[in-house]
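Residue numbers (UniProt numbering): 1 to 124. First the structure, in the form of structure tokens, and then the observations on it.
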């Protein structure tokens, strides 16, 4: 079986640049949840070239503008899970951009833990 991100349909890209692309997450933890993904296949943030990190950062800013326009969130969580022990289920680096909204959880401290209780059950 191949890598879902390496084989992703370009027509579903929100934005892209030479080294990365962004898509809406198929298992969103909140409205507008986006993944920013490098085009080269590797699993860990620590394996990324500087140019790839810069490309991901560039798309993160573009995605933030798109989310502000379309969803008007009150805040954001941005993060990367590394290795299975760190919560990574697809072994191709991807950065989460999760819009946050006032009232989406009673107390927003602690990030996304309380947004979707079944989040920990997802097994890629």
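A virtual CB, placed ideally from N, CA and C, is assigned to each residue, including glycine.
Residue closest to residue i, alpha-carbon to alpha-carbon, out of the options
i	options	result
residue 43	107, 8, 89	89
residue 68	51, 100, 53, 46	100
residue 11	46, 3, 24, 94	24
residue 79	93, 55, 49	93
residue 58	70, 87, 20	20
residue 7	61, 84, 38	38
residue 55	106, 86, 3, 95	95
Close-in-space but distant-in-sequence residues of the same chain around residue i (CB under 6 Å, 5 per side omitted)
i	result
residue 40	none
Residue i (DSSP reduced to helix, strand or coil)
i	result
residue 4	coil
residue 120	Its pLDDT being 46, under 50, residue 120 is placed unreliably by the model, and the measurement read from it follows with that caveat. DSSP places residue 120 in helix when its eight states are reduced to three.
residue 35	strand
residue 20	strand
residue 45	helix
Buried versus exposed, by CB contacts within 10 Å (16 or more), residue i
i	result
residue 75	exposed
residue 48	buried
residue 18	exposed
residue 120	Note that residue 120 has pLDDT 46, beneath the 50 cutoff, so the model's placement of it is unreliable and the number below is only indicative. Exposed, because fewer than 16 other Cβ atoms sit within 10 Å of the Cβ of residue 120.
residue 4	exposed
residue 2	exposed
Residues near residue i in its chain [Cβ-Cβ closer than 7 Å; skip 5 each side]
i	result
residue 31	71, 99
residue 14	22, 23, 24, 34, 63, 66
residue 51	19
residue 45	80, 82, 93
Cβ neighbours of residue i in the same chain (closer than 8 Å, five flanking residues each side left out)
i	result
residue 108	75, 100
Boundaries of the alpha helix (DSSP H) in which residue i is found, first to last residue
i	result
residue 66	50-70
Unbroken beta strand (DSSP E) run spanning residue i, endpoints
i	result
residue 77	75-80
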